[in-house]
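K.L.:
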Amino acid sequence: MRPSEKPVSRIVLHGDIMLPMSEDEYLKRPSENMKTVCFVTGTDTEVGKTFCTAALLHAASRAGYRSIGFKPVASEADAEGYNADVLALQAASAVKLPYHMHNRYTFAEATAPHLAAADEGRKIEMQVLSRGLQAVKEKGDFILTEGAGGWFTPLSGGADFADWVAAEKLPVILVVGMKLGCINHALLTVQAVKQAGLPLVGWIANCISAQPHRLDDYLAALKQRIPSPLLGVMPYLPDGGAEEAARYLDVKPLEAV
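In the numbering used here, the protein residues as written are 14 to 270.
(1) Could you tell me how far apart the beta carbons of G145 and V108 are, in whole angstroms, since I believe they sit closer than 8 Å?
(2) Give a yes or no on whether the C-beta atoms belonging to A67 and A104 are separated by under 9 Å.
(3) Short check: CB of G163 to CB of H198, under 9 Å?
(4) Where does F226 land, buried or exposed, given buried means 16+ other C-beta within 10 angstroms?
(5) Near I101, what residues of its chain come up, given a Cβ to Cβ distance below 6 Å and the 5 sequence neighbours on each side ignored?
(6) Specify the secondary structure class of M247 as computed by DSSP and reduced to three states.
(7) Roughly how many angstroms separate the alpha carbons of A72 and I156, rounded to a whole number?
(8) Answer with buried or exposed for L244, where buried requires no fewer than 16 other C-beta atoms within 10 angstroms of its C-beta.
(9) Are T54 and G160 closer than 9 Å when you measure CB to CB?
(10) Can you check the segment 140-196 for any beta strand (DSSP E) of at least 3 residues that lies completely inside it and give the ranges in chain order?
(11) Could you compute how far the alpha carbon of K137 sits from the alpha carbon of A129?
(12) Given a cut-off of 9 Å, decide if P85 and T158 are closer than it, judged by their beta-carbon atoms.
(13) Note the first and the last residue of the continuous alpha helix (DSSP H) segment covering A233.
(14) Out of L187, I239 and K236, which one is the CA nearest neighbour of C65?
(15) Could you say which of H127, G94 and V141 lies nearest to R117 if we only look at CA atoms?
(16) With V53 as the anchor, note down where its alpha helix (DSSP H) starts and where it stops.
(17) When the Cα atoms are used, what is the spatial distance from D132 to E181?
(18) Measure the beta-carbon distance from C220 to L228 and round it to whole angstroms, keeping in mind my assumption that it falls under 8 Å.
(19) Would V185 pass as a contact of I217 if the rule is Cβ separation under 9 Å?
(20) Could you tell me which of M114, L250 and Y231 sits nearest to Y261, measuring between CA atoms?
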């Protein structure tokens, strides 16, 4: 090949994985010293946090990142003791790790973590969450930690998820489930994140039904009031996977945050 020629594609080695890239993707890939570590919260439970987090992980992988999803606390285990949300993040991660690295606490019952932990005679310890986060940070360069429920979901001993996120100083991504009442829920969460002294680095409008209530009007109101980048509007995809959904999201605003 003559010096003036450029290859059509390249295989880029990222740690223990190899990613095929077009020449354009190769030139735009993140530098080795860039690292993105964020916390994903939602306006409520069942607003699509896991689906949106998995889609972001796929989008980041396509952009050349070694993406890893981390859900430190999960409720509702299957017969083998695994949680479906954790498995979804494990599958969406570019770096392939064992289940226990994606999760530190999986509880049997689908309920608030502090109740599930108490029922099982266990305690959710913040230092365990922090050690888990540090472990995945050493393996990848695009780390998304998904919470449980909303911003103030209780953990053990009177603490809540917001306390841990503040202690770790994690930038926050908000998933807004587009439905009646979501504007108030979103703005309350935005205010709480701000009061915690943390940056809200992006938000996702996730359509959780086929015909969200006044979608365009709600989007306009949220865009006007949330001073952070809209990472994407996720359409209702009842049969679509997170990898397909990645095309609706933009991870560029999350570079090195």
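Glycine included, every Cβ here is placed at the ideal spot set by N, Cα and C.
P.N.:
From the atom records:
(1) Not really, about 15 Å apart at Cβ, beyond 8 Å.
(2) Yes; because the gap between Cβ atoms is below 9 Å, this pair is in contact.
(3) At the C-beta level, G163 and H198 come within 9 Å of one another.
(4) Here residue 226 turns out to be His, not Phe, going by the sequence shown. Its Cβ having fewer than 16 others within 10 Å, H226 is exposed.
(5) The question names Ile, but residue 101 is Ala in the sequence shown. Answer for A101: T63 and A67, listed in chain order.
(6) Note: M247 maps to strand in three-state DSSP.
(7) Spanning the two alpha carbons is a distance of roughly 12 Å.
(8) Buried, because 16 or more other Cβ atoms sit within 10 Å of the Cβ of L244.
(9) In this structure, T54 sits near G160, with a CB-CB distance shorter than 9 Å.
(10) Taking only runs of at least 3 residues, the beta strand (DSSP E) segments lying wholly in the segment 140-196 are 155-163 and 185-190.
(11) One point to set straight first is that residue 137 is Ile, not Lys, in the sequence displayed. Inter-residue distance for I137 and A129 is about 10 Å (C-alpha atoms, whole angstroms).
(12) Yes, the pair counts as a contact, with Cβ atoms nearer than the cut-off.
(13) Annotation for A233: the continuous alpha helix (DSSP H) segment containing it runs L228 to R238.
(14) Selected option, being the one with the closest Cα: L187.
(15) Considering only alpha carbons, the answer is V141.
(16) Looking at the DSSP string, V53 is not in any alpha helix (DSSP H); the run it does join, the beta strand (DSSP E), is T49 to G55.
(17) Their Cα atoms are separated by approximately 27 Å.
(18) Cβ atoms of C220 and L228 come within 8 Å of each other, at about 7 Å.
(19) The Cβ-Cβ distance between V185 and I217 does not fall below 9 Å.
(20) Cα-wise, what sits closest to Y261 is L250.
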